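Numbering (the working numbering), first residue to last: 4 to 954.
Beta carbons: idealized from backbone N, C-alpha and C, even for Gly.
Just so you know, these numbers come straight off a predicted model, no measurement behind them.
Encoded as structure tokens, the structure appears first; notes follow it.
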Ligand code: SF4
């Protein structure tokens, strides 16, 4: 059923899934004569258990926004200046098909297809592969790929999406950073449970807002130094012997042997048997055994001589040797982090006490992968959660690896009170697939043989030309960003404009506000979007197709606009093939259903993509007779698409009779079953399969049965990241594939298989301290990216942002509360308005993210506070790293994953010149309003509609 067929009836309650942030709560929309009167939470839903936040209940104003696009649009003049005109869907699809077909027939990689807060990546990524372009990603490279990749290369799961803290049983909870639109309501529920039980919450964050405001202890750390703090905690735990050695030996690679043969091609790799299985030394017999031999008891210490004469030592011994060095001690960390050594010591002691003293025991018998029966699971009531803050720094991958190392030393993984995997994780470390898009995998008129994104395991998996140049426009999976599992959305426009590594023909964006808050260096990005090639007179980025539901800043720069619906007007899936809503004790996924019929000439983007797939003749979207494979659009696709036999977008109610779970043939009544169950599916794991999942035989077998794993083999966590060492060996001159000369030193430095800390390139490039303050943003609890500021209810909570400065810092600068201030980075200068606060580390300034808006956009009056006093820090962030570091002008990003390093920003804050107004800068010219959009009402009287009055 298409969304447009949804019928409004009398007053009723309709369940669906919220899309007002990334948390994906179950909601109930109360309709009063076909109009949404209020939204509340679905008490049966596994994510939020009835809780709804301000954003979620304000979904009504999202749906009623005057900024909603009304019809397809085509440009008839210059980007950013001239008018867009309304066109029919037939014309819009015809134009898009023509542009895309030309590219596909000649060179598919000339299409760059990038999406933003896209919750349908299982479809959009698949579509890109079918089109044949490797140039696809969503916004994860800007958001949190450091966290995701570090987790996947260490644990086989990650914070938020594929793991959750067990706050019902934790005694101590450490929060590093944390964006409040990720795992939002579950965290609120968990924090409340912890508080009620007397558990301790420690917030490690330069800014004391949001969840940190209710923490028992706040550690105001300097931005980007968390890795040092964590490794000092590791040092203390190792020094005191306060670690879980049995867990390390059984569940991790701690006992696996690492070859020590400097100068050779095998140096630093695991010692392996002829079949390629990593080896360990049995601590009882001294024999060398494959680490996955059920009889092996890996020793954590002691060098061995391998049969070929090389020396090898266990990972744990190498690790302990490094981190016991006084250079990792609390005294060394105190200066850079700003956290006193005594506090670090006390926290380490508290971690050990909480983890090991009288640990709880859950009498739930289970069987391990060796077949040994256990009477229950011993708890490790220490939970850690991390998110933005850690992620958006150039050292974020290694910092997140350090956090996982800390968890592993404590044995605090998938046990009561600890971090727990959410289905479908744990997955193998690292999981597949490999990224696709090598030379030979991209050809005119053909799909690629794999998906564009994946997890490389060494140089041979990179997407590079024979001469080492990147294959992708964003340079993901090249020597500049080898483990770029989510791509580099933030580099696409700059690279395309420079023609580095090549020019593109079509830039196709979905929900990615690249002309404003999704770009670093916003003004320069706009200039690139409008720049013309002197040789041809045409734009350097020739064609831009954009799909969005709202009049965002990027609409003004598109040549063709495909208007999307709101989340209340379409089918959607939170799929196991993408980012489901899994829980630690259950496999879960969910859908959205059309609650309301669109009252505009708009279509769900997913329907449009499937239609374009058919018009382009992409095999997966076209039958052999040329007819569309999914004539019912996305709803049809959700039910009938099979990625592998029996595996489809939705795991629930599969099979002809709807009784199969996870795997089974398509069920034509599957969506009806989801709707009848409140739009979600939950399959709880039986007792004995809920904890210690990576080594729990019965869980692993169940995971295979449900289609979450392909083999029921133990999943060992990796303290030592061997793939990094493979890249390092290439940098040292080993192997057929080696990095370009300019990048050898960079690979050698950063690709350390053990976690380490390094200062940001921004800091290293400013030895004189010309920019003495760190500048970061924080997500307000009531807003999600740029989506809040057109929402009439949420705007009343936060209509403008200020630059928050510690009182002591402001006093030294002569700045008073409410003063306009000039904020200058190495890249540019803006004007903001100051707010003096207590809850910020004195060397840091911060502001709410994405509140400042371009005048004219989002249906706001040109003089709206968002456009006059609100400001955007992005104007100050260079999309490229400081000149001279790492061999040239590389992306301002983590060198391992390519994650945008926008939290590394350094600034100088000064009083403005006398007479400067208390208004934000830069003030760009107001954007022209697309045709057909109404004037926003000067006074909102939404409730009056239910009394029969006019709005
Ligand atoms: S936390 Fe996010 S998904 Fe949940 S109700 Fe709030 S806005 Fe919606």
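Can you check whether the CB of residue j is closer than 8 Å to the CB of residue i?
i            : j           : result
residue 802  : residue 210 : no
residue 258  : residue 331 : no
residue 694  : residue 369 : yes
residue 188  : residue 32  : no
residue 76   : residue 564 : yes
residue 398  : residue 227 : yes
residue 590  : residue 709 : yes
residue 400  : residue 897 : yes
residue 777  : residue 847 : yes
residue 936  : residue 69  : yes
residue 347  : residue 218 : no
residue 135  : residue 451 : yes
residue 823  : residue 925 : no
residue 1040 : residue 205 : Residue 1040 falls outside the range modelled here, since the chain spans only 4 to 954, and no answer is possible.
residue 360  : residue 379 : no
residue 870  : residue 858 : yes
residue 412  : residue 229 : no
By DSSP, does residue i sit in helix, in strand, or in coil?
i           : result
residue 238 : helix
residue 799 : helix
residue 699 : strand
residue 953 : Residue placement at residue 953 cannot be trusted, given a pLDDT of 43 that sits under 50; the coordinates are not used to answer.
residue 198 : helix
residue 7   : A caution first: residue 7 carries a pLDDT of 37, below 50, which makes its placement in the model too unreliable to give a value.
residue 707 : helix
residue 945 : helix
residue 12  : A caution first: residue 12 carries a pLDDT of 48, below 50, which makes its placement in the model too unreliable to give a value.
residue 432 : coil
residue 793 : coil
residue 611 : helix
residue 781 : strand
residue 18  : strand
residue 630 : coil
residue 210 : strand
residue 565 : strand
residue 59  : helix
residue 139 : strand
Could you tell me if residue i is buried or exposed, where buried requires 16 or more neighbouring beta carbons within 10 angstroms of its beta carbon?
i           : result
residue 902 : buried
residue 117 : buried
residue 36  : exposed
residue 84  : exposed
residue 744 : exposed
residue 555 : buried
residue 799 : exposed
residue 161 : buried
residue 91  : exposed
residue 946 : exposed
residue 277 : exposed
residue 21  : buried
residue 29  : buried
residue 949 : exposed
residue 938 : exposed
residue 166 : buried
residue 121 : buried
residue 855 : buried
residue 216 : exposed
residue 79  : exposed
residue 93  : exposed
Note down, one range per segment and in chain order, each alpha helix (DSSP H) of at least 4 residues found wholly within the stretch 869 to 939.
none
Under 6 Å, CB to nearest heavy atom of the ligand SF4: contacting residues
21, 23, 24, 26, 27, 28, 51, 55, 56, 58, 59, 187, 188
Unbroken stretches of the beta strand (DSSP E), 3 residues or longer, contained in the stretch 512 to 563:
546 to 551
At which residue ranges does the stretch 143 to 183 contain complete beta strand (DSSP E) runs of 3 or more residues, listed in the order of the chain?
166 to 168, 175 to 179
At 4 residues or longer, what runs of the alpha helix (DSSP H) sit wholly inside the stretch 297 to 335?
318 to 326
Going along the chain, which unbroken runs of the beta strand (DSSP E) with 3 or more residues stay wholly within the stretch 375 to 458?
385 to 389, 422 to 424
At 3 residues or longer, what runs of the beta strand (DSSP E) sit wholly inside the stretch 235 to 291?
260 to 263, 282 to 284
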